[in-house]
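Novice: My questions will all concern the structure given below.
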Amino acid sequence: MVRDLPTTALPAPPLDAAKRRWAERNMSLVDHGCLRLVYSNRHPLDGQMWRSAQPGRRALAWAKRNGIRTILNLRGERLNCGTYLTERDACQELGLRLVNFPIRSRGMPEKETAHAMASVFEHLEYPVLMHCKSGADRAGLMATLYLHLHKGEPMEVAMRQLSLRFGHVRYARTGMLDFFLERYWRDTGGDRTQFLRWVDEVYDPAVFTREFHASGFASFLVDRILHRE
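Next comes the structure, spelled out in structure tokens:
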């Protein structure tokens with residue numbers, strides 16, 4: 660089983676001109692990067708953390724100009740994807756630390772991943788920009804955990820990060836993220852000191868997956884029309 664855990668991107672040779680052109684075409688046309696040029700879904704959580712859709716070179720240059728030190732990539736390392744190769748290349752050019760942490764938007768996290776979701780914020784160099792593909796689902800999950808576990812915000816405040824305002828559709832299969840967080844909230848009363856105990860003693864990914872039910876229409880909209888990852 661692939662372990663969904665955070666790792667810092669290793670140094671790589673700069674992309675040559677041909678590879679760079681291929682990677683940027685792949686990002687724009689295959690990974691829908693042309694749409695993100697119109698809307699980046701970029702929002703601050705506080706003075707130390709931003710959330711956004713997948714950044715391209717211009718967005719990463721913006722991050723550098725605005726004092727960002729770390730990019731937290733919630734899509735993970737994808738060496739056959741032009742978007743990832745562009746991101747890694749740009750981060751190296753700009754002197755940004757790139758941390759890859761693959762989070763699933765349509766599946767319950769494994770217990771080990773849930774532990775890493777809680778602890779990753781202790782090991783980043785701030786300020787940080789974290790992103791997934793659209794900036795709606797995985798970014799919303801991790802924004803919720805950042806505000807609740809790392810900053811101490813109550814769940815009723817932190818959960819606002821998973822909402823239609825950012826493009827998140829809770830009735831699709833991406834609603835698994837809401838289900839996971841709301842069960843933790845219900846079972847512990849939102850006591851952040853109990854999150855890891857709850858993960859270890861109560862949370863069961865297989866059981867939670869069976870108990871979750873998504874709307875077929877909402878899933879069709881998110882998966883087939885919006886092409887969410």
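Take 660 as the starting number for the sequence shown in our numbering and just add one per residue.
Where is the CB? At the ideal position from N, CA and C, for every residue including glycine.
#1: In whole angstroms, what separates the C-alpha of serine 711 from that of glycine 794?
#2: In terms of DSSP beta bridges, what is threonine 729 paired with?
#3: Should alanine 773 and proline 665 be called a contact, given that it needs their Cβ atoms to be closer than 9 Å?
#4: Taking the C-alpha atoms as reference points, what is the distance between threonine 729 and serine 687?
#5: Between which two residues does the alpha helix (DSSP H) containing arginine 680 stretch?
#6: With H, G and I counted as helix, E and B as strand and the rest as coil, what does DSSP make of methionine 660?
#7: What do you get for asparagine 732, buried or exposed, if any count of 16 or more other CB atoms within 10 angstroms of its CB means buried?
#8: Cβ atoms of asparagine 759 and glutamate 781: under 9 Å apart, would you say?
#9: I'd like to confirm the pairing. Which residues does DSSP put opposite methionine 708 in its beta bridges?
#10: Out of Met818, Gln853, Lys678, point me to the one whose CA is closest to methionine 801's CA.
#11: Roughly how many angstroms lie between the CA atoms of alanine 877 and proline 768, to the nearest whole one?
#12: Could you say which of Cys740, Val787, Thr852, Glu771 lies nearest to isoleucine 727 if we only look at CA atoms?
#13: I'd like to confirm the pairing. Which residues does DSSP put opposite proline 673 in its beta bridges?
#14: Exposed or buried, asparagine 919, counting other C-beta atoms within 10 Å across all chains shown (16 or more means buried)?
#15: Please report the straight-line C-alpha distance between tryptophan 709 and cysteine 791, rounded to a whole angstrom.
Specialist: Reading off the structure:
#1: The straight-line gap from Cα to Cα measures roughly 5 Å.
#2: Partner(s): Arg756, Val787.
#3: When the beta-carbon positions are compared, alanine 773 and proline 665 stay at least 9 Å from each other.
#4: The straight-line gap from Cα to Cα measures roughly 23 Å.
#5: Counting along the chain, arginine 680 sits inside the alpha helix (DSSP H) bounded by residues 676–684.
#6: Low per-residue confidence applies at methionine 660: pLDDT is 44, beneath 50, and the placement is therefore not dependable, though the value from the model is reported in the following sentence. When DSSP states are grouped into helix, strand and coil, methionine 660 belongs to the coil group.
#7: Taking all protein chains shown into account, asparagine 732 has 16 or more neighbouring C-beta atoms within 10 Å of its C-beta and is therefore buried.
#8: Result no, Cβ atoms of glutamate 781 and asparagine 759 do not sit closer than 9 Å.
#9: When DSSP reads this structure, methionine 708 sits in a beta bridge with Val787.
#10: For methionine 801, the nearest C-alpha among the options comes from Met818.
#11: Any reading at alanine 877 must be qualified, since the residue scores a pLDDT of 49, below 50, and its modelled position is unreliable; no value is offered.
#12: Comparing Cα-Cα distances from isoleucine 727 to each of Cys740, Val787, Thr852, Glu771, the minimum goes to Val787.
#13: Paired residues: none, contrary to the question.
#14: The structure shown does not extend to residue 919, since the chain spans only 660 to 888, so no value can be given for it.
#15: Rounded to the nearest whole angstrom, the C-alpha separation of tryptophan 709 and cysteine 791 is 12 Å.
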